[in-house]
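Participant:
Numbering (our numbering), first residue to last: -14 to 239.
1) For residue 41, tell me which candidate among 219, 207, 213, 166 has the shortest Cα-Cα distance.
2) Ordered along the chain, which non-local residues of its own chain (more than five positions away) have a Cβ less than 6 Å from that of residue 148?
3) Could you tell me whether the region 204 to 211 touches the region 168 to 182, where touching means 3 or more Cβ pairs closer than 8 Å?
4) Can you check whether the CB of residue 11 is closer than 8 Å to the CB of residue 154?
5) Could you tell me whether the region 178 to 197 touches the region -5 to 4, where touching means 3 or more Cβ pairs closer than 8 Å?
6) Give me the residue from 159, 164, 233 with the minimum Cα distance to residue 192.
7) For the candidate residues 72, 134, 229, 133, whose alpha-carbon lies nearest to that of residue 159?
8) Tell me the DSSP secondary structure of residue 65 in three-state form.
9) Roughly how many whole angstroms lie between the Cα atoms of residue 199 and residue 36?
10) On the DSSP letters alone, give me the boundaries of the alpha helix (DSSP H) that residue 43 sits inside.
11) Return yes when the Cβ of residue 220 is within less than 8 Å of the Cβ of residue 64, no when it is not.
12) Using only CA atoms, which one of 29, 23, 5, 4 lies nearest to residue 151?
13) List the residues that DSSP assigns as beta-bridge partners of residue 23.
14) Could you spell out where the alpha helix (DSSP H) holding residue 164 opens and where it closes?
15) Using the C-alpha atoms, what's the distance from residue 38 back to residue 53?
16) So which of 229, 217, 224 has the shortest CA-CA distance to residue 17?
17) For residue 144, which three-state DSSP category applies?
18) Thinking C-beta only, is residue 162 closer than 8 Å to residue 33?
19) The ligand ATP and residue 7: does any heavy atom of the ligand fall closer than 7 Å to the residue's C-beta?
20) Have a look at residue 188 and residue 141 and give me their C-alpha separation to the nearest angstrom.
21) Specify the secondary structure class of residue -5 as computed by DSSP and reduced to three states.
22) How far does the alpha helix (DSSP H) with residue 179 in it extend, from its first residue to its last?
23) Quick one: residues in its chain with C-beta nearer than 8 Å to the C-beta of residue 14, no 5 flanking neighbours on either side, listed in chain order?
24) In its own chain, which residues sit with a C-beta less than 6 Å from the C-beta of residue 225, not counting the 5 before and 5 after it?
25) Quick check on the burial criterion: 16 or more other C-beta atoms within 10 angstroms. Buried or exposed for residue 45?
26) Can you tell me which of 70, 169, 223 puts its alpha carbon nearest to the alpha carbon of residue 2?
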């Protein structure tokens, strides 16, 4: 939607900014939402060994401030291959649960209504986000990173909080990590495929770099003891504060 409205930097800033928030703030809230430590098994670490490298792909292809259709093809393909690889590694041959049968027409109508609501909401978000940026005399990308980006983390946050409450720590981790890798590869790639676009290079040199560093830090914590402690939660929170300050400096002061 942001690309169609001529402000692709807003959408790109939202994607990368929400990813930084997912990898830091969401985990901070999960850590402090329970008295116990968030634990992770070896399987999720093995599945995500290439995670930071995949997050670095948008940086590599965006160094010139432009995403072409060929860049989009590679980004989408890399994201899809990552998911295929994980599915093959974790396939156990379990029978699929029996689905609840509903009238096909009703399901189709629900799908259309949901898509219409999403497009309408996205259109309003972009429109008023750009207006807010103009009123504040700041870059639309900054609004996307720090305000809209935070809002887009809410679905992952609520789902993960419920999972942690039921001691489904790996389910919570998988949901957040899956959303981040999908946004950074498949969604960015689809944007480039639909309409190749230029964007301010600082989005890659600052926001996307923070995204990769956040992933490296998070996985370092996870591998150190296969758990996330309160101390590590504080470090992640401070990292997000630094991210906000740097983005403000890059987009407003400089």
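Glycine included, C-beta positions come from ideal geometry on N, C-alpha and C. Every value quoted in this text rests on a predicted model; they were computed, and no experiment measured them.
Facilitator: The relevant details are as follows:
1) That would be 166, whose Cα lies nearest to the Cα of residue 41.
2) Taken in chain order, the residues that qualify are 156, 157.
3) Touching, no.
4) Using a Cβ distance threshold of 8 Å, residue 154 and residue 11 do not count as a contacting pair.
5) They touch, by the three-pair rule.
6) Residue 233 is the option with its Cα nearest to residue 192.
7) That would be 72, whose Cα lies nearest to the Cα of residue 159.
8) Correct three-state label for residue 65: helix.
9) Distance between residue 199 and residue 36, taken at the CA atoms: about 11 Å.
10) Per DSSP, residue 43 belongs to the alpha helix (DSSP H) from 36 to 46.
11) At a Cβ-Cβ threshold of 8 Å, residue 64 and residue 220 do not count as neighbours.
12) Checked all of 29, 23, 5, 4; the closest Cα to residue 151 is 23.
13) Beta-bridge annotation (DSSP): residue 23 is paired with 213.
14) Start and end: 154 to 166.
15) In a straight line, the C-alpha of residue 53 is about 20 Å away from that of residue 38.
16) Distance check between residue 17 and each of 229, 217, 224 places 217 closest, using alpha-carbon atoms only.
17) Secondary structure of residue 144 (DSSP, three-state): helix.
18) Yes.
19) For the ligand ATP, the structure offers nothing, since it holds no ligand at all.
20) Approximately 23 Å, taken between the alpha carbons.
21) Residue -5: helix per DSSP, three-state reduction.
22) Counting along the chain, the alpha helix (DSSP H) containing residue 179 begins and ends at 173 to 179.
23) Cβ within range, chain order: 142, 146.
24) The residues 9, 10, in chain order, have a CB closer than 6 Å to that of residue 225 in the same chain once the five nearest residues on each side in sequence are set aside.
25) Classification of residue 45: exposed, given that the 10 Å Cβ count is below 16.
26) Among 70, 169, 223, the Cα nearest to that of residue 2 is on 169.
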